[in-house]
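J.:
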Amino acid sequence: MSRDSLNIMIGGEAGQGLVTIGQVLSKCLIKSGYHILVTQDYMSRVRGGHNTFTIRAAARELDSPTEGVDLLVALNQETLDLHGKELNSGAVVVAGQDLTCAGARCLGVPYKELAEGRHVNTIALGVTAGLLGLDQELVADTLTTALGKKKDDKVVAANREGLAASFDWLAKQEADCGVLPKPQEAPPRMMLGGNQAIALGALAAGLKFLAFYPMTPSTSIALTIIAHADELGVVYEQAEDEIAAINMALGASYAGAPALVCTSGGGYALMTEGLSLAGMTETPIVIAIAMRPGPATGLPTRTEQGDLLFALHGGHGEFPRAILAPGDVKQCFEAGYRALHLAEKYQGPVFILTDQFLADSLRALEPFGLEGREAVRPGGQGKEGADYRRYEITPDGISPRRLPGMGPELVVADSDEHTQQGHITEDLELRVRMQHKRMLKEKGLKAETIPPSFAGPEEPETLLVSWGSSQGPVAAAARRLRDEGQSVGTCHFSQVWPLDPEQFAPRMARAGSVVVIEGNATGQFAGLLKKEAGIIAQRFIGRFDGLNLTPEYILRQLAN
Amino acid sequence: MVKIEDYGEIETAWCPGCGNFGIRNALIRALVDKGLAPQDILLVSGIGQAAKTPHYIPCNAFNGLHGRGLPAATGAALAHPGLKVILTSGDGCNYGEGGNHFLGGLRRNVDLTMLVHDNQIYGLTKGQASPTSLEGMHTKAQPHGVHLVPFNPVAVAVSLHVGFVARGFAGELEHLAGLIAQALEHKGLALVDILQPCVSFNKLNTYEWYKQRVRKLEKGEHDPTDWEAAIKLSYEFGDSIPLGVIYENQRASFQEFFPVLKDGPLAGQGTDYGKLKGILESYA
Ligand SMILES: Cc1ncc(C[n+]2csc(CCOP(=O)(O)OP(=O)(O)O)c2C)c(N)n1
Ligand code: SF4
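The structure is reproduced here in structure tokens:
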């Protein structure tokens, strides 16, 4: 049987190596010319529990995960018990001989016999790769690279033997999980998750300083930057807390290093004091927030889009900011790149809002071109010389930025209300002019706002509106409805602040009804649309059970 | 040649007679002594009376948030290794609100100079107890006296093997200028805890009180490289309070772990797109 796309789920306990299996399979699929889209569901524990790594694979581009499993790789009984009911018709289960998989087409793998003391997950990988028709050598080489081993290593040899044994065993079985059509062409593609892409985008923009305090699901942004820091000359530090992290980054940025901090909701809560400092001192800073469900510690490893308004309103006092909300991994790269440039130009905070779903979602991407990219060059703006004034009042609100110790100018930055020279003042008339100057930058930011992208008919009966990571599932749901003959359009925001109603309000008004779909309980973006553009959504569909939106979930809700 | 006049007089909002004046003058003297011009230095501070110092000395300045001076100074010092970064803030700021940063900073050992104006009280918020207030001190906020054990920054710094730990007194200008000059020379984090009378709110630890107790360490009296002796000395705070260098060692500074900082400020370094291309290709 041939399928348009395959959903492969690997399930087991943390510590059983399911992520390694998943990553190697994903890489092999990409190298064989397929597109992939990974969703990871894991519990907040290092060993045990129940985790899944799901790869959707197809010969065509994929924008969304889907429900229903075509190939279930069960590393334990719990996986079968929990996910047996999600199997599509014709699905195949790969499980150990000792497990019970009632009712499904089950390949009982004699792990003990095949493994002979080698890792069971190598056998599971081999059997699964074989079922998918992947090349044995390719799998072996990819596994070797993933393990960070040299080819002459003993461990490598053992893994190769394990893979060979599992491919041989599979050849003797009658097994078919539905074959994907062979890809037409296989241009070289990268495998990247959202967080990795944000990090690489920031590096492409000339990031020079990173400070962070670990918090799931943001940590991989920091780890990706650190992995390349020595090569690219980036200074980094794991701070004593998030308060220190953002203040360090602000100190570094003041002194000329393009800087980023990354965290999740709870850590951002601590950073809000420093965020406000960025607003007052007009110091460029990029804050990447990988959202997870709250309030408080919430569901540490799950996903939600619950911190939009917090990103927008965090920090005391009033000051301009921009919030980017990439919808896919490619947009994550662009957001990382753009955020640093915007922060430098407007001298203040720029957010990147992502979430666990997008952060951990590996996808196949064509390499990013670096042509025409430029590194941020801090400190070159405006007038120099002895009469230099850090907070000079200008028509666009952007004051000349110089760097301390790089020229004759003295650069004075202050958290108190200050004079144009940067010194403390309680001149209330000046306070008004200064606040006005700072807020003026919002105009510039607004003029540079990325417009939302519309798809589907110009005047649809139903317009599905989304922001950030919901883009793909919403697009997929709309496609299915259009296939059924319905008039459905989509509108996705990859920047959620500032909003420029001229970019979208007239077209939204032409839709029969507007449905806002987001990963939270209260319809935060729907509220923002109403407040900023007077657009009243006829419906709001929210998801806040910790799982990512899927087209099926959206369709079920729409049908209700 | 840098002259005292380069740092001329600036009008301040400090109370007449405040110990902060002595510290400001000693700092200027040390800067001139080390040949540091206003462009060469960056003063970073938090919030409080002491933390206003960067406004009262011509220099590059980053006057940040209460308690957060040290992390900001850390970032600036890491971004621009050529800048002389000096943190000047109060005891409440550095040891109270910024307590976790103080501990982190002592362990991190970034090359910068930390001057704490230790008046054993909160000045700017008008006279509440600070982490270094002595037990039993009465204030409006502590009407029954302070119950908390006073924080001993010098002992904590010595216990963590901070490379340069000293105590000075705002009433001993020459001596203090000497200590600050030594601190500026030290590679790594240098802490000078400075006893600073607050004439408006601290009626206990006055000039007189300090004068009766402080004693300058005599030449040869104490070997600052002897850690155990330094620990012992750091606990001497009562009828006799030693002034001078309490502890010294030569640990590698945090900056030394980043080869990129040998090439000067990060701002000038650009991005190697050739290398980045290679990195992107490694994800294929
Ligand atoms: C987050 C925050 N909390 C409280 C304050 C109010 N505040 C300003 S200065 C200060 C205490 C300053 O004491 P210290 O650091 O000892 O400096 P001094 O004024 O005595 O020189 C406080 C609590 C503040 N500015 N920010
Ligand atoms: S309140 Fe105390 S510390 Fe503040 S300026 Fe006056 S005397 Fe100095």
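So the protein sequences, as listed, match chains P and A.
Heads up: the first sequence at position 357 corresponds to 357 in the numbering used here, and the numbers run straight through without jumps.
So the numbering used here is basically just the index in the second sequence, starting at one, shifted up by 560.
A virtual CB, placed ideally from N, CA and C, is assigned to each residue, including glycine.
(1) Would you check if the segment 323 to 333 of chain P and the segment 465 to 481 of chain P touch, i.e. whether three or more CB-CB distances between them fall below 8 Å?
(2) Who are the near neighbours of V774(A) in its chain, counting only those whose CB is closer than 6 Å to its CB and skipping five residues on each side?
(3) Is the CB of Y843(A) under 8 Å away from at least one CB in chain P?
(4) For ligand 1, is there any heavy atom lying closer than 7 Å to the beta carbon of S800(A)?
(5) Under a CB-based cut-off of 8 Å, is Y254(P) close to chain A?
(6) Please identify the residue among R668(A), Y833(A), P784(A) whose C-alpha is closest to the C-alpha of F814(A).
(7) Cβ of G414(P) within 7 Å of any heavy atom in ligand 1?
(8) Assuming L207(P) and L370(P) are in contact, meaning their beta carbons sit under 8 Å apart, how far apart are those beta carbons, in whole angstroms?
(9) Keeping to the same chain, check which residues put their C-beta closer than 8 Å to that of R118(P); ignore five residues upstream and five downstream.
(10) Among the residues of its own chain, which have a CB less than 7 Å from the CB of R60(P), if the five just before and after it don't count?
(11) By DSSP's criteria, V93(P) is part of a beta bridge. Which residues make up the other side?
(12) What residues in its chain sit with their C-beta under 6 Å from that of D41(P), if we drop five residues either side in the sequence?
(13) Check whether the Cβ atoms of S605(A) and L647(A) sit closer than 8 Å, and answer yes or no.
(14) Are the segment 237 to 253 of chain P and the segment 613 to 631 of chain A in contact at 8 Å, needing three or more beta carbon pairs?
(15) Specify whether the segment 489 to 507 of chain P and the segment 449 to 460 of chain P touch according to this definition: at least 3 beta carbon pairs, one from each stretch, less than 8 Å apart.
(16) Taking CB distances under 8 Å as the criterion, tell me whether L666(A) reaches chain P.
(17) Tell me the start and end of each unbroken beta strand (DSSP E) in the segment 596 to 677 of chain A that is at least 3 residues and wholly inside, in chain order.
(18) If you count every other CB in all the chains shown that lies within 10 Å of the CB of G798(A), and 16 or more means buried, which is it?
(19) Where does the unbroken beta strand (DSSP E) through D823(A) begin, and where does it stop?
(20) If you measure between the beta carbons of V318(P) and M271(P), is that distance less than 8 Å?
(21) Just checking: is the beta-carbon of D416(P) within a distance shorter than 8 Å of some beta-carbon in chain D?
(22) Which residue from L684(A), A610(A), H721(A), K771(A) puts its Cα closest to that of R584(A)?
(23) Alpha helix (DSSP H) containing A290(P): first to last residue?
(24) Kindly list, in the order they appear in chain P, the residues whose Cβ is closer than 7 Å to that of K835(A).
(25) Quick check on the burial criterion: 16 or more other C-beta atoms within 10 angstroms. Buried or exposed for A511(P)?
(26) Could you tell me which residues DSSP puts in a beta bridge with T354(P)?
(27) Would a check of beta-carbon distances place G624(A) closer than 8 Å to chain P?
(28) Alpha carbon to alpha carbon, how far is D81(P) from G527(P)?
(29) If you measure from the CB of N247(P), is any heavy atom of ligand 3 nearer than 7 Å?
(30) Going by the C-beta, is L340(P) closer than 7 Å to any heavy atom of ligand 1?
(31) Go through the segment 201 to 234 of chain P residue by residue and report every complete run of the alpha helix (DSSP H) that reaches 4 residues or more, in order.
(32) Using 8 Å as the threshold, is the segment 752 to 770 of chain A in touch with the segment 687 to 699 of chain A, meaning 3 or more CB pairs across them?
(33) I believe R389(P) touches Q435(P) by the beta-carbon criterion, under 8 Å. Please report the beta-carbon distance rounded to the nearest angstrom.
(34) Check the Cβ of H341(P) against every Cβ in chain A and list those closer than 8 Å, keeping chain order.
(35) Indicate, with yes or no, if ligand 1 has a heavy atom lying under 7 Å from the CB of E657(A).
(36) Going along the chain, which residues of its own chain have a beta-carbon closer than 7 Å to the beta-carbon of L733(A), five neighbours each way excluded?
T.: Let's see:
(1) yes
(2) Stepping through the second sequence from its first residue, residue 774(A) is reached at position 214. Cβ within range, chain order: F729, I801, L803.
(3) Locating residue 843(A) in the second sequence gives position 283, counting from the first residue. Interface residue, yes.
(4) On the second sequence, position 240 is the one that residue 800(A) refers to. For ligand 1, not one heavy atom lies less than 7 Å from the Cβ of S800(A).
(5) Residue 254(P) sits at position 254 when you count from the first residue of the first sequence. Interface residue, yes.
(6) One-based indexing of the second sequence puts residue 814(A) at position 254. Minimum Cα distance to F814(A) is reached at R668(A).
(7) The residue labelled residue 414(P) in the question sits at position 414 within the first sequence. Sequence check: residue 414(P) is Asp here, not Gly. Every heavy atom of ligand 1 is 7 Å or more from the Cβ of D414(P), so no.
(8) Here the question's residue 207(P) lines up with position 207 in the first sequence. Here the question's residue 370(P) lines up with position 370 in the first sequence. Their Cβ separation, rounded to whole angstroms, is 14 Å, which puts L207(P) and L370(P) out of contact at 8 Å.
(9) Reading the first sequence from its first residue, position 118 is the one you call residue 118(P). Hits under 8 Å: A158, N159, E161, G162.
(10) Taking the first sequence and counting its residues from 1, the one referred to as residue 60(P) is at position 60. Excluding residues within five positions, the ones whose Cβ falls inside 7 Å are H35.
(11) In the first sequence, counting from the first residue as 1, residue 93(P) sits at position 93. According to DSSP, V93(P) bridges with L72(P), C106(P).
(12) Within the first sequence, residue 41(P) is the residue found at index 41, counting from 1. Around D41(P): T52.
(13) Your numbering for residue 605(A) matches position 45 in the second sequence. Your numbering for residue 647(A) matches position 87 in the second sequence. The answer is yes: Cβ separation under 8 Å.
(14) yes
(15) yes
(16) Here the question's residue 666(A) lines up with position 106 in the second sequence. No, no contact with chain P.
(17) 601 to 605, 620 to 623, 644 to 650
(18) Position 238 of the second sequence, counted from the first residue, corresponds to residue 798(A). Flag for G798(A) reads exposed.
(19) Against the second sequence, residue 823(A) aligns to sequence position 263. Element bounds for D823(A): n/a, residue is neither H nor E.
(20) Counting from 1 along the first sequence, the entry for residue 318(P) is found at position 318. Counting from 1 along the first sequence, the entry for residue 271(P) is found at position 271. Per the sequence shown, the amino acid found at residue 318(P) is Glu instead of Val. No, the Cβ-Cβ distance between E318(P) and M271(P) is not below 8 Å.
(21) The structure shown contains no chain D; its protein chains are P and A.
(22) As a position in the second sequence, residue 584(A) is number 24, starting the count at 1. Considering only alpha carbons, the answer is A610(A).
(23) To locate residue 290(P), count along the first sequence from 1; it is residue 290. Where A290(P) is concerned, there is no enclosing alpha helix (DSSP H), although the beta strand (DSSP E) it sits in stretches over 285 to 291.
(24) Locating residue 835(A) in the second sequence gives position 275, where the first residue counts as 1. The answer, in chain order, is E231, L232.
(25) Within the first sequence, numbered from 1, the residue matching residue 511(P) stands at position 511. When all chains shown are included, A511(P) counts as buried.
(26) Working through the first sequence from its first residue, we reach residue 354(P) at position 354. Beta-bridge pairing links T354(P) to A290(P).
(27) The sequence position of residue 624(A) within the second sequence is 64, counting from 1. Yes, contact with chain P.
(28) Mapped onto the first sequence, residue 81(P) falls at position 81. Mapped onto the first sequence, residue 527(P) falls at position 527. For D81(P) and G527(P), the distance between alpha carbons rounds to 40 Å.
(29) Looking for ligand 3 in the displayed structure turns up nothing; the ligands present are ligand 1 and ligand 2.
(30) On the first sequence, position 340 is the one that residue 340(P) refers to. Checking the Cβ of L340(P) against ligand 1 gives no.
(31) 219 to 232
(32) yes
(33) Counting from one through the first sequence, the residue named residue 389(P) turns up at place 389. Counting from one through the first sequence, the residue named residue 435(P) turns up at place 435. Not confirmed; about 17 Å, so no contact.
(34) Here residue 341(P) refers to the residue found at position 341 when the first sequence is read from its first residue. Those within 8 Å of H341(P) in chain A number zero; the least Cβ separation is about 13 Å.
(35) Taking the second sequence and counting its residues from 1, the one referred to as residue 657(A) is at position 97. Yes; taking the cut-off as 7 Å, the Cβ of E657(A) has a heavy atom of ligand 1 nearer than that.
(36) As a position in the second sequence, residue 733(A) is number 173, starting the count at 1. Excluding positions up to five away in sequence, the list reads G582, N585, A586.
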